[in-house]
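S.K.: If you read the sequence shown in the working numbering, its first letter stands for residue 32, the second for the next number, and so on.
Submitted below is the structure of interest, expressed as structure tokens.
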Amino acid sequence: YTIKQFNIKNMMTGELPKFYPKLSECILNKFSEFKVKNNLDDYDAIYFRTQDLQEELDFLEKNKHKLKEILFEDTSKKIFYCSNSKEFKKYIKTLSRPNLYNWEMPLEEEWGGNHLLHQTIDSENLHQRTIYSLLDMWTLCSAKKINFFTTWGRYSNFLIYAPINHSTVVWY
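As structure tokens, this is what we get:
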């Protein structure tokens, strides 16, 4: 067999690998329950990703107008949102828009986004946060359209499943 590294940039242009990492039944079952509970057969997504707190706040402020435009263009449209930014999630919740969905990351209020403080977290909480990170990733990549706000200037591994689900990704 041949080992091939995933190249997300190539994947987004249509060069798909023959194999993908398989998600566990636990993740897929939780996702299915979430979809049924929220009637999420047809939805778009917003993915907001930054590097540190100051950049996070500046980037959020800079993009509030575009976020509102996406969110309020059609309030009947269901939108899933995820982020490594606690501040972004707080902001979205203040808008009181109907039909918004997200996964609540364990310990996010106390510790921040999905990439912070893993070195000091106990193994059970780390395991739970990993499950919810995978749920974020799969739910994000199952959307028809993903509005991707990032300061990283590169593709995100969170988008690895978008090409196989035929999701359209729009960068901001």
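Think of the CB as a built atom: it goes at the ideal place given N, C-alpha and C, for glycine as much as any other residue.
These numbers were taken from a predicted model, which means no experiment stands behind them.
Output yes or no for whether 7 Å exceeds the beta carbon distance between LEU91 and PHE62.
M.R.: The answer is no: Cβ separation not under 7 Å.
S.K.: When you compare each of GLN85, GLU135, LEU126 and THR199 to HIS96 by their alpha carbons, which one comes out closest?
M.R.: Checking every option, the nearest Cα to that of HIS96 belongs to LEU126.
S.K.: Go ahead and label ASN115 buried or exposed: buried means 16 or more other beta carbons lie within 10 angstroms of its beta carbon, across all protein chains shown.
M.R.: It counts as buried.
S.K.: For a quick check, are the C-beta atoms of ILE39 and TYR203 less than 7 Å apart?
M.R.: Not a contact, by the Cβ cut-off of 7 Å.
S.K.: Is the beta carbon of TRP134 sitting closer than 7 Å to the one on TYR163?
M.R.: Against a cut-off of 7 Å, the Cβ pair of TYR163 and TRP134 comes out as a contact.
S.K.: Taking 8 Å as the limit between beta carbons, can you name the residues of its chain near ASP153, skipping five residues before and five after?
M.R.: Closer than 8 Å at Cβ, skipping near neighbours: no residue.
S.K.: Are ALA174 and TYR74 touching if we call contact CB-CB under 7 Å?
M.R.: Yes, these two residues count as a Cβ contact at 7 Å.
S.K.: Have a look at GLN82 and PHE50 and give me their C-alpha separation to the nearest angstrom.
M.R.: Those two C-alpha atoms are separated by around 30 Å.
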